[in-house]
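Trainee: If you want this note's numbering, it's the 1-based position in the sequence shown plus 220.
The beta-carbon is built from N, C-alpha and C at its ideal position, and this holds for glycine as well.
Remember, predicted model here, so these are calculated numbers, not experimental data.
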Amino acid sequence: MKARIQWAGEAMFLGESGSGHVVVMDGPPEAGGRNLGVRPMEMLLLGVGGCSNFDVVSILKKSRQAVESCEAFLEAERATEDPKVFTKIHLHFVVKGRGLKEAQVKRAVELSAEKYCSASIMLGAAGVAITHDYEIVELG
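Printed below as a string of structure tokens:
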């Protein structure tokens, strides 16, 4: 896997993934940025959420669950001193569908957390306390 980060002036950077997609990262005005993109640490948190949500949806589909929506809401805490690493991350999944089985949703979240989500497992191995929970919303 490769990536390229190009400085675009001030506190803005363009990140290009190996697959050719570009994202804008920028700092807040107090750090010399113009607030035109996500912060790098926000990008890291988004990556964790995207990785885990991808797993949960994929596992539920393979389990033939009628999942229609899956949102992951993340809350993170960071150290107060430099380096301001993540110390805690909590993922809350809201899974919507018809006739979803709680055991299958629970299993999907656990499998992502314990086996498949490279991003959250990597951060957990680095000492970040990562927790997960979920709720199921039955659609009419």
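Under the three-state reduction of DSSP, which class applies to Lys-326: helix, strand or coil?
Mentor: Reduced to three states, the DSSP call for Lys-326 is helix.
Trainee: Tell me whether Val-348 sits in a helix, a strand or coil according to DSSP, three-state version.
Mentor: The answer is coil: DSSP assigns Val-348 none of H, G, I, E or B.
Trainee: Tell me whether Ala-328 is buried or exposed, calling it buried when 16 or more other Cβ atoms sit within 10 Å of its Cβ.
Mentor: With 16 or more other Cβ atoms within 10 Å, it is buried.
Trainee: Quick one: Cα of Arg-259 to Cα of Ser-278, how far?
Mentor: Spanning the two alpha carbons is a distance of roughly 28 Å.
Trainee: Return the CA-CA distance between Ala-292 and Ile-350, expressed in angstroms with no decimal places.
Mentor: Roughly 14 Å between the two C-alpha positions.
Trainee: Using the rule of at least 16 other Cβ atoms within 10 Å of the residue's Cβ for burial, across every protein chain shown, is Met-245 buried or exposed?
Mentor: It counts as buried.
Trainee: Helix, strand or coil: how does DSSP classify Leu-294 here?
Mentor: In the structure shown, Leu-294 sits in a strand (DSSP, three-state: E or B).
Trainee: Using CA coordinates, which residue listed in Gly-240, Ser-332, Ile-341 and Glu-262 is at the minimum distance from Tyr-354?
Mentor: If we check each option's Cα against that of Tyr-354, Ser-332 comes out closest.
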